[in-house]
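To start, the structure under review is shown below, and the notes come after it.
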Amino acid sequence: MVIDVDRCTGCNGCVLACQAENNIPLNYQTEYERNRAIAWIRVERYWEGEFPDVKARFIPVLCQHCENAPCEPVCPVYATYHNPEGLNVQVYNRCVGTKYCANGCPYLVRFFNWYEPVWPESLRNHLNPDVTVRSRGIMEKCSFCIQRIRRGIRQASRENRQVRDGDIQTACQQACPTEAIVFGDFNDSNSRVSRMKGDERAYKLLDHLNTEPSVVYLAAVDKDKKPAGDASHG
Amino acid sequence: MQQRRVIDQVHTNRVLLNGQLATPKWWLPAVSVLGVIVLIGWVLIGFMINKGLGVTGLNRPVFWGVMIVTFVFWVGISHAGIMISAILRLTQAEWRRPVTRTAELLTVCSLLTALLFPAMQDGRVWRDYWLTPMDWARGVWPNPRSPLVWDPFAIGTYLSGAIMFLYVALLPDVGNLRDRTTGKMHMFYTVMALGWRGNPRQWKLQTIGGILLSALMLPIFVSVHSVVSWDFAITPGVEGWHSTIFAPYFVIGAVHSGVSAVVTVMAAMRWLWKWDEFIRPEHFDALARLLIVVATAWLGFTFLELVFALYGQEGQEVALRELQIFTWPWNAWFIVFMMCGYVIPVTMWLFKSVRNNIALMFWSSVLVNIGMWLERYFIVVGGLQRKTPFVYTWDYYRPSAIEWAIMGWSFAWVTFLLLLFSRFFPLVPLFEQKESQTFSGEIKIGRARVPAVMREQE
Amino acid sequence: MHHMASHAGANRLPAAARHADAGHGGHVAPPRPSPAEATTELVRATAAGRRFKLAALILTVLAVLGVVGIIARLAGGTGPADQKEWGYVAATMAFMLVAFGGAPLVAIAPTLAKANWNRPLTRVAALFSMAGVVTALLLIPLLAVLPPLVVDGARRRSVWFDGPTYSPHFWGMIALSGLALTGLGLFYANALPDFAAVRDHATGWRQRLGKRLANGFAGTDNQWRSLRMRIGMLGTLYFLLLVFTHFLISTDFAISLVPGWKDAIFPMYQSLTSLQAGIASTLIAMWAARRFGGLEKYIQRDQFWALGKLMFGMSLLWFYFFFSGFIVFWYGRSGPDTMVLDLLVRGPFIYAFIAAFVLSFFLPWWLLIWNKLRDSVWGPPLVAVLILTGNFLNEVRVYVTSWSVDPAHIHDRFLSPETVNTVGTHFPDIFDIFVIVGAPAAGVLLMLLASRAVPVVSIWEVKQWLLLSRPMKYMKGHVVLVAKPD
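Quick note, the sequences are listed as chains A, B and C, same order. Here this note's numbering is used: position 118 in the first sequence is 369, and no number is missing along the way. Here this note's numbering is used: position 114 in the second sequence is 118, and no number is missing along the way. Here this note's numbering is used: position 31 in the third sequence is 1300, and no number is missing along the way.
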């Protein structure tokens, strides 16, 4: 996935779309106050400067699906592992809830179900049948909308063709008004993400930790400064 | 300095077995009260498992809190048994004699308690058995690369070794009790005694068994808390934990807290069972001197950990230390931690009059354990609160009432187990006492009569 | 000196021993000299025979070669470009600190724990503090080569944070010279009553030297009491200073020179290696003293067995400390950690590392487990030689590698693969070999010379043992009744 931070307006549309697509439990005010809100993708906002020259910086952070994920070796029951497609998958029915993976993740993109999630009667019909509803005691995180990936692959095989670039869109990508989020196949050198990741603005979060994230960020361009050309963020 | 007494065997038997041959008056009320607290604790744990971990104060990023801190604390306390029993047995130190069984028992009880904590704080406790290689039907095994899988193996090995150690040292006394009881108790002791007759062959085997177990348990003792420390140290996600010194740092902290716990329990034992002749100020003196060395080594390791944490000058590491030392309310607790864990006790122990004062030794050892619990809290919760450079994600953690209740429950549970054991088995080894009487002698040097001890000629 | 007791019958025997079977043979008790015999024999043993003179000559030649090596190195230059050439000198200094610096602890620590088995060893162990002088001297040229903390505005990571640029140089010198002086002080305190013995029983220059150094020691109660306090305090100070010195030398001379190497356990790992190597050096010296000094009556199998057990434990701990550091770096797989492992473990000195691992841990473990080897006079010293070799190779692995990091890059934040690749395997040249052989030879030479002035086995401690112990028969065996005055 490539996320162009320059295009991000901080609208949080991706957050809402993810919540709707993936049956994420409702976050009430009490959950936010206790810092237990579940948001597989979140938009972090940092303020820069003093009034009146204040700038807001936004960056959407989601599971980076690291090649060298620190969350994977520490799970005692193999509930999280790296699948051959390059995704870091979370197996809900295997999870025992030790929360060790959450401690290992330096991006804090893993979330725990502290209580049994409850939806009001009126919202029951909005649950996505393609996605498991998790019970209490289970870790969850962004899956790159694996249900959509599977659907795209199934569709393509039914039509006897390969999956084309752009066939599979994650929920956050679909909702983003500025097309800041692009999802695709890095193995396909013609895909949009492969072409974008070579951009001079490209960088990865917490690079020095050697987690080898699969998400490439393109740095924001500040018109008041010289163009940021080096990959020195994070 | 020594306070030798000549105590004959009849007197030894009568006094040291006063808890087994008759129930002390205070025993039943104490055990009942503790039993009630223990029951309430179990109910609360059941409530937490039923409702979900939301009833605790845990959140994101502090996924591990008071329960894991208490887990590390109890594993720490369990290190006393082996330190005292094995090392002092191998070096033939005479002052170990009344202490060994209490230390070994404290190890077993605190390990049993410690094992419960990581299990109970899981999200789906009823699936905990998946961490053991028991899942033949599904064909999916536990992940041997995870430190949480190493933990049960290490702690389980330690526990089984400690139980064996306790039992081997217990056999002669169980034989003694078998010969003094009748009825149901007699049958119980007969089974437990495994046919102990006290002939030379059995004594030889028992001694060799004790020495072998001592030697084998030493590497296990070092490795257990190291494995527990690697739960924290190996993950690069929490910069405050990712330090190479955690293993020996935790081990030395465990010895510090464990030996202090033994001092606490011994002072309590002396008072409860009136064993003034057997548990003498000289034992506390020797333990205090050992503690000074251990505590100073612990302080050295703490200093090293701090220096190298700041060495890399990473943002979140510096922020963590700033939080721990300078930010309210952590700064107040930091002072309490340092005072209780090192400054006050060690300063007190430097004075001979304090070392020989049982009450002061009791209170100073309690202070040490308050300080050491706080140390684990600083490491576990502090490290998680300042985990990454993303300031957006730094947050605080307020433990809930249930977590404090469960922590209190663990103390009641350990005391309950100790008292239960004490009703059936003597807490001071009789045979060690009698052996020390046999080995003791006196030498006249000039005009002085100096106490002496018999040793084998190599 | 205390008056001797002579009435064995006035002792109170343990209850069972009063009914002991007298005159049953079997077990032969080891020889037990009388205090007077001990004094004369040990004083006479300080004489310098032909073998001694030959050894001293060889060692002097080697020491001179060592000095030649240092001078040649100095002539080669002390600038940043020459830093790589000094790697082996740094490794030798570290090895001397580890092996010779740790030995006096064998004299102190068991004594503080009220052990009696180390009484014949204390002098041999304390003699190693003479070699501390050589270690401190060896530091001086290294201080010239060690880069300052700030170069071209860039400050490298160190434990001195924002301190003055010359902190490592200053504190390193203070620590090493302080350690050397404390060691000498400890040796002097331990040897004081024996200087008095030499004054009273020897002739010639020894007698004059003994008189000067004994400083009027007459064996009064007060003098004994103040001597014990001095030994206790100096001993504790030496131990604390040793740990502190290891911390300074390993951080300033190794860790700080490798960018991105953040290793909290390394100083303790070096301290522990020092304990292991100190016991090993003492074992070898004990063996030599017993064999060439004719001291079989005083240095017995019991001493080798006790030290062998301790050395076994230390070897296991060596592995433990190494592994504790290794697993954190290896498991985390983070960038800087992996680079450090690539440089220091899997890097140019991988064979030195493997050899060190085998010699310092694996072989001692399996050899010392064998009762027959551990409980003998020849076994532990043999394993000690292996351990010292392994420790030297370990220091080479660490110090030569860290001194070989390109000086242009030691101020980087993290190691880069390019920097790691520029560090090649660097073998010692002839001057390095002169220093590697010459520096320990100089240390041993000083020890040998000192051993002619004062007996190699501590007379007063042996006499104390004779006073405090009573061998007797117990049932069918021999036991010894040991007085515990405190």
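Cβ atoms here follow ideal geometry from the backbone N, Cα and C, with glycine treated the same way. The structure displayed is predicted, hence computed values, not measured ones.
Problem set entry | Distance, residue 326(B) Cα to residue 336(B) Cα | Each residue's Cα considered, the two are about 13 Å apart.
Exercise. Shortest alpha-carbon distance to residue 188(B) belongs to which of 403(B), 436(B), 373(B), 25(B)?
Worked result: Check the Cα spacing between residue 188(B) and each of 403(B), 436(B), 373(B), 25(B): the tightest is with 25(B).
Exercise. Can you name, in chain order, every residue of its own chain whose Cβ lies under 7 Å from the Cβ of residue 484(A), other than the five neighbours on each side?
Worked result: With a pLDDT of 39 at residue 484(A), under the threshold of 50, the modelled position of this residue cannot be trusted; read the value that follows with caution. Cβ within range, chain order: 454, 470.
For this session: Check whether the Cβ of residue 1602(C) lies closer than 9 Å to any Cβ atom in chain F.
Result: Judged by its chain identifiers, the structure shown contains no chain F, and its protein chains are A, B and C.
Exercise. What residues in its chain sit with their C-beta under 7 Å from that of residue 1289(C), if we drop five residues either side in the sequence?
Worked result: Confidence at residue 1289(C) is low in this model, with a pLDDT of 37, below 50, so the placement of that residue is unreliable and no value is reported for it.
Problem set entry | Proximity test, Cβ basis, 9 Å: residue 1537(C) and chain B | For residue 1537(C), the nearest beta carbon of chain B is closer than 9 Å to its own beta carbon.
Exercise. Who are the neighbours of residue 512(A) on chain C, taking C-beta pairs under 7 Å?
Worked result: The question about residue 512(A) has no answer here: the residues shown for chain A are numbered 252 through 485.
Problem set entry | Of the listed residues 356(A), 294(A), 406(A), nearest to residue 319(A) (C-alpha basis) | The residue with the shortest Cα to Cα distance from residue 319(A) is 356(A).
For this session: With 9 Å as the threshold, decide whether the Cβ of residue 1585(C) is near any Cβ in chain B.
Result: Closer than 9 Å: yes.
Exercise. Is the CB of residue 300(A) under 9 Å away from at least one CB in chain B?
Worked result: Not closer than 9 Å to any Cβ of chain B, the Cβ of residue 300(A) fails to qualify, so no.
For this session: Could you tell me the distance, in whole angstroms, from the CA atom of residue 1464(C) to the CA atom of residue 1479(C)?
Result: If you draw a straight line from the Cα of residue 1464(C) to the Cα of residue 1479(C), it is about 5 Å long.
Problem set entry | residue 454(B): contacting residues in chain C (beta-carbon distance under 9 Å) | Simply 1737, 1752, 1753, 1754.
Exercise. Does the beta carbon of residue 324(A) come closer than 9 Å to any beta carbon on chain C?
Worked result: Cβ-Cβ to chain C under 9 Å: yes for residue 324(A).
Exercise. Who are the near neighbours of residue 438(B) in its chain, counting only those whose CB is closer than 8 Å to its CB and skipping five residues on each side?
Worked result: The residues are 13, 16.
Exercise. In whole angstroms, what is the alpha-carbon distance linking residue 1295(C) and residue 1740(C)?
Worked result: Interpretation of residue 1295(C) is limited by its pLDDT of 39, a score under 50 that renders its predicted location unreliable; no figure is taken from the coordinates.
Exercise. Under a three-way DSSP split, which group does residue 1752(C) fall into?
Worked result: Strand, per DSSP.
For this session: Kindly indicate if chain C contains any beta-carbon less than 9 Å away from that of residue 339(A).
Result: Chain C, which has no Cβ nearer than 9 Å to the Cβ of residue 339(A), makes this no.
For this session: Compare the Cα-Cα distances from residue 381(B) to each of 28(B), 75(B), 256(B), 43(B) and report the closest residue.
Result: Of the listed residues, the one whose Cα sits closest to residue 381(B) is 75(B).
Problem set entry | Neighbour list for residue 1439(C) in chain A, Cβ cutoff strictly below 7 Å | Correct list: empty, because the minimum Cβ distance to chain A is about 33 Å.
Problem set entry | Length-filtered (3 minimum) beta strand (DSSP E) runs lying within the region 1364-1442 of chain C | Unbroken beta strand (DSSP E) stretches of 3 residues or longer found wholly inside the region 1364-1442 of chain C: none.
Exercise. Can you tell me whether residue 138(B) is buried or exposed, with buried defined as 16 or more other CB within 10 angstroms of its CB?
Worked result: Exposed is the call here.
Problem set entry | Neighbour list for residue 1607(C) in chain A, Cβ cutoff strictly below 8 Å | Simply 461.
Problem set entry | Per-residue DSSP class, three states only, for residue 306(A) | The DSSP-derived three-state label of residue 306(A) is strand.
Exercise. Do residue 338(B) and residue 329(B) have their C-beta atoms closer together than 9 Å?
Worked result: Yes.
Exercise. Which runs of the alpha helix (DSSP H), 4 residues or longer, sit entirely within the region 390-432 of chain A?
Worked result: DSSP runs (the alpha helix (DSSP H)) wholly in the region 390-432 of chain A: 397-409, 422-426.
Exercise. Hey, does residue 311(B) have any beta-carbon neighbour from chain C nearer than 9 Å?
Worked result: The beta-carbon of residue 311(B) is placed less than 9 Å from the nearest beta-carbon of chain C.
Exercise. Residue 473(A) bridges to which residues according to DSSP?
Worked result: The partner list for residue 473(A) (beta bridge, DSSP) is empty, contrary to what the question assumes.
Exercise. On the three-pair Cβ rule with 8 Å, is the region 415-432 of chain B touching the region 109-119 of chain B?
Worked result: Contact between the region 415-432 of chain B and the region 109-119 of chain B is present, because at least three Cβ pairs lie under 8 Å.
Exercise. Would residue 1528(C) pass as a contact of residue 1674(C) if the rule is Cβ separation under 9 Å?
Worked result: Yes. Within cutoff.
Exercise. List, in order along the chain, the chain A residues whose C-beta lies closer than 8 Å to that of residue 392(B)?
Worked result: Proximity of chain A to residue 392(B) at the Cβ level (cut-off 8 Å) is accounted for by 357, 358, 359, 457, in chain order.
Exercise. Is there contact here, the region 61-81 of chain B with the region 268-278 of chain B, by at least three beta-carbon pairs under 8 Å?
Worked result: Fewer than three beta-carbon pairs drawn from the region 61-81 of chain B and the region 268-278 of chain B are found closer than 8 Å, and the two stretches are therefore not classed as touching.
Problem set entry | Run of the alpha helix (DSSP H) containing residue 298(A), from where it starts to where it stops | Not the alpha helix (DSSP H): residue 298(A) falls in the beta strand (DSSP E), residues 293-299.
For this session: Please state if the CB of residue 255(B) and the CB of residue 233(B) are separated by a distance shorter than 9 Å.
Result: In terms of Cβ geometry, residue 233(B) and residue 255(B) form a close pair [threshold 9 Å].
Exercise. Using a Cβ-Cβ distance under 9 Å, would residue 251(B) count as near chain C?
Worked result: The beta carbon of residue 251(B) falls within 9 Å of a beta carbon belonging to chain C, placing the residue at that interface.
Exercise. What residues in the region 1572-1597 of chain C bring their beta carbon closer than 7 Å to a beta carbon of chain B?
Worked result: So the list reads 1585, 1589, 1590, 1593, 1594, 1596, 1597, given in the order they occur along the chain.
Problem set entry | residue 159(B) at chain A interface by Cβ criterion, 9 Å | No - not a single Cβ of chain A is within 9 Å of the one on residue 159(B).
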